[in-house]
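Asker: Below are the structure tokens for one structure; questions will follow.
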Amino acid sequence: MSGRVTPMLAQYREIKSRHPDKILFFRLGDFYEMFFEDAEIASRELGITLTSREAGKGQRRMPMAGIPYHAASGYLATLLDKGYRVAICEQVEDPRKARGLVRREVVRVVTPGTVVDPRSLQEKNHNYAVMITESDQPAAYGLAVLEFSTGEFWAAEFRGDRPREALLDEIARLEPAEILVEDGAGLAAALGTAYPGRVGEAHPPPGGPEAAAKLLQEHFRCASLEALGCQGRPLATAAAGVLLAYVQETSASRAVQITRLAMRSHLDHLLVDATTCRHLELVRSSREGGRRGSLIRVLDRTATPAGGRLLRAWLLRPCSSLEEIALRHDAVAELVDRPLLRGRLRECLRRMPDYERLAGRAAVGEANARDLLALGTGLGLFPELGGLLAEAKASRLVDLGRSLPDLAQLSRSIRATLVDSPPAAVKEGGLIREGHDPEVDRLRAIAGGGKEWVAALEVRERERTGIRSLKVGFNRVFGYYLEVTRANLEHVPPDFERRQTLAGAERFVTMELKEREAMILGAEAHLADREYELFAALRERTAAECSAIQAGAAAAAEADVLACLGEVAALNGYVRPQMVDSPVVEIREGRHPVVEQILPGGFVPNDATLDGRGERLVILTGPNMAGKSTYCRMVALICLMAQMGGFVPAASARLGPVGRIFTRIGASDDLIGGASTFMVEMQEVANILSHATPDSLVILDEIGRGTSTFDGLSIAWSVAEELARMGPLTLFATHYHELTELEGSVDGVVNHTVAVREAGDDVVFLYRVVRGSSDRSYGLHVARLAGIAGAVRERARAILESLEAGCALSAERPAMAPRSAPKQYQLFAPPPSPTLEELRELNVLALTPLEAINTLYRLQEQVRRER
Numbered sequence: 011m012s013g014r015v016t017p018m019l020a021q022y023r024e025i026k027s028r029h030p031d032k033i034l035f036f037r038l039g040d041f042y043e044m045f046f047e048d049a050e051i052a053s054r055e056l057g058i059t060l061t062s063r064e065a066g067k068g069q070r071r072m073p074m075a076g077i078p079y080h081a082a083s084g085y086l087a088t089l090l091d092k093g094y095r096v097a098i099c100e101q102v103e104d105p106r107k108a109r110g111l112v113r114r115e116v117v118r119v120v121t122p123g124t125v126v127d128p129r130s131l132q133e134k135n136h137n138y139a140v141m142i143t144e145s146d147q148p149a150a151y152g153l154a155v156l157e158f159s160t161g162e163f164w165a166a167e168f169r170g171d172r173p174r175e176a177l178l179d180e181i182a183r184l185e186p187a188e189i190l191v192e193d194g195a196g197l198a199a200a201l202g203t204a205y206p207g208r209v210g211e212a213h214p215p216p217g218g219p220e221a222a223a224k225l226l227q228e229h230f231r232c233a234s235l236e237a238l239g240c241q242g243r244p245l246a247t248a249a250a251g252v253l254l255a256y257v258q259e260t261s262a263s264r265a266v267q268i269t270r271l272a273m274r275s276h277l278d279h280l281l282v283d284a285t286t287c288r289h290l291e292l293v294r295s296s297r298e299g300g301r302r303g304s305l306i307r308v309l310d311r312t313a314t315p316a317g318g319r320l321l322r323a324w325l326l327r328p329c330s331s332l333e334e335i336a337l338r339h340d341a342v343a344e345l346v347d348r349p350l351l352r353g354r355l356r357e358c359l360r361r362m363p364d365y366e367r368l369a370g371r372a373a374v375g376e377a378n379a380r381d382l383l384a385l386g387t388g389l390g391l392f393p394e395l396g397g398l399l400a401e402a403k404a405s406r407l408v409d410l411g412r413s414l415p416d417l418a419q420l421s422r423s424i425r426a427t428l429v430d431s432p433p434a435a436v437k438e439g440g441l442i443r444e445g446h447d448p449e450v451d452r453l454r455a456i457a458g459g460g461k462e463w464v465a466a467l468e469v470r471e472r473e474r475t476g477i478r479s480l481k482v483g484f485n486r487v488f489g490y491y492l493e494v495t496r497a498n499l500e501h502v503p504p505d506f507e508r509r510q511t512l513a514g515a516e517r518f519v520t521m522e523l524k525e526r527e528a529m530i531l532g533a534e535a536h537l538a539d540r541e542y543e544l545f546a547a548l549r550e551r552t553a554a555e556c557s558a559i560q561a562g563a564a565a566a567a568e569a570d571v572l573a574c575l576g577e578v579a580a581l582n583g584y585v586r587p588q589m590v591d592s593p594v595v596e597i598r599e600g601r602h603p604v605v606e607q608i609l610p611g612g613f614v615p616n617d618a619t620l621d622g623r624g625e626r627l628v629i630l631t632g633p634n635m636a637g638k639s640t641y642c643r644m645v646a647l648i649c650l651m652a653q654m655g656g657f658v659p660a661a662s663a664r665l666g667p668v669g670r671i672f673t674r675i676g677a678s679d680d681l682i683g684g685a686s687t688f689m690v691e692m693q694e695v696a697n698i699l700s701h702a703t704p705d706s707l708v709i710l711d712e713i714g715r716g717t718s719t720f721d722g723l724s725i726a727w728s729v730a731e732e733l734a735r736m737g738p739l740t741l742f743a744t745h746y747h748e749l750t751e752l753e754g755s756v757d758g759v760v761n762h763t764v765a766v767r768e769a770g771d772d773v774v775f776l777y778r779v780v781r782g783s784s785d786r787s788y789g790l791h792v793a794r795l796a797g798i799a800g801a802v803r804e805r806a807r808a809i810l811e812s813l814e815a816g817c818a819l820s821a822e823r824p825a826m827a828p829r830s831a832p833k834q835y836q837l838f839a840p841p842p843s844p845t846l847e848e849l850r851e852l853n854v855l856a857l858t859p860l861e862a863i864n865t866l867y868r869l870q871e872q873v874r875r876e877r
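Using my numbering, the first residue of the sequence shown is number 11, and each one after it goes up by one.
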């Protein structure tokens with residue numbers, strides 16, 4: 011159907027054409043409206059009503075859905091969580107002054123990685139946007155990472171051996187909210203499968219890499235990229251430039267919260283790949299998928315959101331520098347030894363807001379008066395925090411105190427400008443403290459006095475007209491009016507001018523009322539404008555101090571993490587590890603930090619020894635359910651906790667810095683990737699063999715069990731020999747008892763086992779790791795504990811005995827007898843002997859010597875009587 015569309019719809023279509031891949035929030039009065047497909051998506055995803063409206067003469071009605079603008083944040087958070095991007099289109103001129111159609115423009119584009127609204131963010135989690143660039147000859151990748159809400163910005167390059175895998179591991183650790191790739195990038199498909207709804211495209215600015223580099227120079231106001239550490243890193247530089255251009259375009263701001271660019275190497279810390287992070291349950295449990303049951307749940311006693319985010323970063327990027335680790339340990343040690351200082355420090359930190367994100371919202375013009383007031387109050391705590399840190403002796407704590415900026419003037423200015431309880435809206439007045447600005451006070455007096463005058467007018471007009479029911483009212487359409495019921499219309503004086511007719515009343519105005527109305531409404535409008543003007547100037551001033559606020563926020567966050575680690579160490583009985591410059595693990599009475607919380611008082615501590623000269627590879631055997639996996643993870647977690655700067659759950663620990671932790675634990679498949687459980691296992695083993703070095707720690711828990719016995723044993727044996735040759739510190743838990751033969755024949759291999767005590771048919775797990783080996787796995791005992799039926803267990807026992815009767819590695823295994831039919835007694839056969847049944851069930855190990863003699867004598871007499 012042809013016809014002419016309305017001017018408003020024409021304006022909408024023109025703006026929408028510039029943002030076709032985004033949902034357009036189109037401001038109409040007090041609502042954000044969406045049309046056509048956007049309206050249908052919003053109705054479905056937000057659960058709001060889908061209506062329609064006329065599109066113009068001769069046009070079909072168009073689908074429409076709307077949300078109140080003051081409640082938009084909640085709806086926006088829902089759409090972002092579902093992976094949508096939203097363009098916010100505002101009225102950029104005052105409707106009261108506009109001639110014809112109000113001018114509208116997209117003021118910002120909100121994407122999952124550039125959101126600053128607290129309702130769309132998790133307090134203690136980062137919200138990263140990343141940009142990836144790649145090169146084919148040779149294969150290499152550039153990565154830029156931005157936390158838009160805090161201004162954290164860094165880049166890295168991945169080259170050399172298996173750069174793709176290293177890049178994907180980094181992305182898995184970051185868990186970005188938004189992943190940007192170049193048009194046609196080879197990684198796009200793989201990333202889209204792994205992170206559905208989070209992958210998009212970003213295009214270099216016109217001019218290519220040179221323009222991206224120039225953009226970085228202009229933003230950071232530096233003469234050359236060498237000042238940013240970009241020399242020799244073209245892919246990282248290009249990624250950073252494209253990402254900065256992207257956020258400047260989407261946020262429609264100068265992104266002043268991005269104050270520095272750091273260049274990182276993915277080799278400058280202990281590497282924890284995605285597999286290891288998952289197996290060790292560092293930030294979420296494998297069973298429930300949340301923090302409960304994870305290491306971070308045990309460690310996170312931070313008092314501030316920024317401290318929680320930094321703790322997570324330290325956990326996933328433990329330090330590799332002995333000097334830096336020592337500085338952190340010194341600080342934690344002092345805070346453990348001085349509980350009063352630790353308590354006062356944590357109490358001060360608890361009163362601090364999230365400086366980073368508040369400053370970020372101010373920088374992009376999204377902070378409201380409540381945000382600024384919280385920031386101003388928080389900045390006033392810097393001197394108190396600095397004073398507490400000055401009491402410390404540890405150099406790291408003292409340095410943190412000295413690095414806190416002096417922002418007392420900004421703090422005083424914010425608190426002197428804003429009222430104690432400002433409203434959430436910033437353009438409706440009520441923000442500025444009385445006495446701060448003479449113009450605000452004057453306009454407020456006029457507006458307030460006008461309302462008093464209106465109240466007095468009502469009394470005066472009642473007396474003048476004799477109409478006792480007369481009242482003065484106000485609405486947005488007609489302004490102030492005098493309302494008279496129909497029964498009293500005969501008493502209306504001549505100077506009353508009729509304004510509106512109702513069913514039971516008439517509304518009037520007078521010249522005096524119109525003049526006063528103009529004065530009151532004019533004062534209120536000017537008052538709201540003046541208050542917003544002062545607020546916007548204060549927000550700009552705050553944004554100008556963003557770099558200093560970020561410096562203070564970083565110092566407070568680190569102080570929070572160190573105090574947190576001290577608190578956890580004091581509460582849980584952790585000790586300071588001795589760090590040495592050689593590959594060694596010597597743990598005395600170590601404990602698993604998570605498991606011991608579940609079994610308080612019931613966890614059995616264990617020792618562990620690995621070193622680069624003697625015991626490099628431990629073959630760990632023992633029963634199912636005896637704690638082998640827990641023991642291996644315990645060693646890895648203690649090493650990781652030490653290198654992140656914390657104390658460890660042990661009586662003592664002597665550790666060398668580990669360059670990388672590898673794990674191969676448990677069984678899982680990759681159905682989407684078409685990989686079976688055994689294939690996933692072999693891929694993880696291949697990764698270890700390709701990357702492990704003498705300064706690595708390798709945890710292997712059951713390899714080769716996903717295939718036939720001979721295949722699996724052969725693979726496990728060969729892998730153990732190769733790891734012994736390569737030299738990483740290795741814990742190799744296995745049920746292939748044949749591997750214990752490696753001790754004595756391969757240098758550096760030693761046997762350990764988890765001790766048990768047998769009592770008849772029962773097995774008592776001691777959970778104690780000792781030197782030696784085991785030749786049994788006690789699988790049938792575990793089957794009984796799991797509730798496997800007795801008949802099945804008895805059949806399994808018979809098969810086991812048949813198998814054990816022959817050589818385990820013989821090509822010709824003994825044939826197993828088929829399951830026998832139920833036993834039939836002969837008619838004239840003697841009845842079963844009660845004495846034999848009692849003897850069969852007798853628990854000999856539970857008898858004392860005297861009880862054994864008496865029982866034997868009694869059974870002998872019973873046999874004689876039975877004869």
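Cβ atoms here follow ideal geometry from the backbone N, Cα and C, with glycine treated the same way. It should be emphasised that the depicted structure is a prediction, and the values quoted were computed from it without experimental measurement.
How would you label Ile-798, buried or exposed, when you count the other beta carbons within 10 angstroms and need 16 or more for buried?
Answerer: By the 10 Å Cβ count, Ile-798 comes out exposed.
Asker: If I'm right that Val-585 touches Phe-657 with Cβ under 8 Å, what's the distance once you round it to whole angstroms?
Answerer: The pair is a contact, with the Cβ atoms about 6 Å apart (cut-off 8 Å).
Asker: On the DSSP letters alone, give me the boundaries of the beta strand (DSSP E) that Pro-78 sits inside.
Answerer: Counting along the chain, the beta strand (DSSP E) containing Pro-78 begins and ends at 72 to 78.
Asker: Helix, strand or coil, according to DSSP, for Ile-41 in the structure here?
Answerer: Here residue 41 turns out to be Phe, not Ile, going by the sequence shown. Note: Phe-41 maps to strand in three-state DSSP.
Asker: Can you tell which of Ala-528, Leu-321 and Ala-730 has its C-alpha closest to the C-alpha of Arg-486?
Answerer: Looking at the Cα atoms, Ala-528 is the closest of the given residues.
Asker: With which residues is Cys-649 paired in a DSSP beta bridge?
Answerer: According to DSSP, which records beta bridges pairwise, Cys-649 is partnered with nothing at all.
Asker: How big is the Cα-Cα spacing for Arg-311 and Gly-583?
Answerer: Spanning the two alpha carbons is a distance of roughly 15 Å.
Asker: Give the range of the alpha helix (DSSP H) segment to which Thr-143 is assigned.
Answerer: First-last for Thr-143: 139 to 145, but that is the beta strand (DSSP E), not the alpha helix (DSSP H).
Asker: Do you know how far the Cα of Cys-240 is from the Cα of Ala-284?
Answerer: The straight-line gap from Cα to Cα measures roughly 27 Å.
Asker: Give every residue of the same chain whose Cβ lies closer than 6 Å to the Cβ of Glu-606, excluding the five residues on either side of it in the sequence, and list them in chain order.
Answerer: If we look at Glu-606 and ignore the five residues flanking it on each side, its Cβ neighbours are Phe-613.
Asker: Looking only at its own chain, which residues have a Cβ that is under 7 Å from the Cβ of Phe-46, when we skip the five neighbours before and after it?
Answerer: These residues qualify, in order along the chain: Met-72 and Pro-73.
Asker: Taking DSSP as the reference, what is the three-state secondary structure of Lys-26?
Answerer: If DSSP states are grouped into helix, strand and coil, Lys-26 belongs with the helices.
Asker: Residue range of the beta strand (DSSP E) that Ile-629 falls in?
Answerer: Segment 627 to 631, the beta strand (DSSP E) holding Ile-629.
Asker: Can you tell me whether Cys-240 is helix, strand or coil according to DSSP?
Answerer: Here Cys-240 sits in coil by DSSP.
Asker: Could you name the residues of the same chain whose beta carbon sits closer than 8 Å to that of Gly-722, not counting the 5 residues immediately before and after it, in chain order?
Answerer: Cβ neighbours of Gly-722 beyond the five flanking positions: Ile-713, Gly-714, Arg-715, Gly-716 and Tyr-746.
Asker: Who pairs with Thr-687 in a beta bridge, going by DSSP?
Answerer: Beta-bridge pairing links Thr-687 to no other residue.
Asker: Evaluate Ala-465 with the Cβ neighbour count: other Cβ atoms within 10 Å of its Cβ, from every protein chain shown; 16 or more gives buried, anything less gives exposed.
Answerer: That one is exposed.
Asker: Less than 8 Å between the CB atoms is what I'm expecting for Arg-670 and Glu-691, so what's the real figure, rounded?
Answerer: Their Cβ separation, rounded to whole angstroms, is 19 Å, which puts Arg-670 and Glu-691 out of contact at 8 Å.
Asker: As an exercise, report each continuous alpha helix (DSSP H) stretch of at least 4 residues that is fully enclosed by the stretch 133 to 198, in chain order.
Answerer: Fully enclosed alpha helix (DSSP H) runs of 4 or longer: 173 to 184.
Asker: Report the start-end ranges of each beta strand (DSSP E) in the stretch 692 to 754 that is 3 residues or longer and not cut off at the edges.
Answerer: DSSP runs (the beta strand (DSSP E)) wholly in the stretch 692 to 754: 706 to 711 and 739 to 743.
Asker: On the criterion of 16 or more Cβ atoms from any shown chain inside 10 Å, does Leu-512 qualify as buried, or is it exposed?
Answerer: Leu-512 is exposed by the Cβ-count criterion.
Asker: Roughly how many whole angstroms lie between the Cα atoms of Glu-516 and Ile-530?
Answerer: Glu-516 and Ile-530: Cα-Cα distance of roughly 23 Å.
Asker: For the alpha helix (DSSP H) holding Val-308, just list the boundary residues, first then last.
Answerer: From DSSP, the alpha helix (DSSP H) with Val-308 extends over 305 to 309.
Asker: Sort Arg-109, Ser-421 and Arg-509 by Cα distance to Ala-882 and report the nearest one.
Answerer: With the chain represented from 11 up to 877, any question about residue 882 goes unanswered, as that position is not in the structure.
Asker: Write down the C-beta distance between Pro-667 and Asp-621 rounded to the nearest angstrom, noting that I regard them as a contact closer than 8 Å.
Answerer: So it is not a contact: roughly 14 Å between Cβ atoms.
Asker: Looking at the secondary structure, which residues open and close the beta strand (DSSP E) in which Arg-114 lies?
Answerer: Note, Arg-114: beta strand (DSSP E), 114 to 120.
Asker: Under the criterion of a Cβ to heavy atom distance below 6 Å, does Arg-549 qualify as lining the ligand FAD?
Answerer: Absent from the structure shown: the ligand FAD. Ligands present: none.
Asker: Measure the alpha-carbon distance for Phe-506 versus Pro-17 and round it to whole angstroms.
Answerer: Their backbone Cα atoms lie some 40 Å apart in a straight line.
Asker: Report the rounded CA-to-CA distance for Thr-124 versus Trp-164, giving the unit in angstroms.
Answerer: Distance between the alpha carbons of Thr-124 and Trp-164: 15 Å.
Asker: Helix, strand or coil for Gln-267? Go by DSSP, reduced to three states.
Answerer: Reduced to three states, the DSSP call for Gln-267 is coil.
Asker: As an exercise, report each continuous beta strand (DSSP E) stretch of at least 3 residues that is fully enclosed by the stretch 478 to 538, in chain order.
Answerer: Those beta strand (DSSP E) runs which fall completely within the stretch 478 to 538 and span 3+ residues are 481 to 485, 489 to 495, 507 to 511 and 515 to 519.
Asker: Contact between the stretch 438 to 456 and the stretch 541 to 555 is defined here as three or more beta-carbon pairs at a separation below 8 Å; is this criterion met?
Answerer: Output reads yes: the stretch 541 to 555 touches the stretch 438 to 456.
Asker: Rank Gly-76, Asp-430 and Glu-577 by C-alpha distance to the C-alpha of Arg-443 and give the top, closest one.
Answerer: The shortest Cα separation from Arg-443 among Gly-76, Asp-430 and Glu-577 belongs to Asp-430.
Asker: Between the C-alpha atoms of Glu-220 and Ala-249, what's the straight-line distance to the nearest angstrom?
Answerer: Spanning the two alpha carbons is a distance of roughly 12 Å.
Asker: If you drop the 5 nearest sequence neighbours on each side, which residues of the same chain put their C-beta closer than 6 Å to that of Ile-77?
Answerer: The residues are Tyr-42 and Tyr-85.
Asker: For Phe-672, which option in Leu-739, Tyr-641, Val-604 and Val-374 has the closest C-alpha, if you only look at C-alpha atoms?
Answerer: Closest option to Phe-672, Cα to Cα, is Leu-739.
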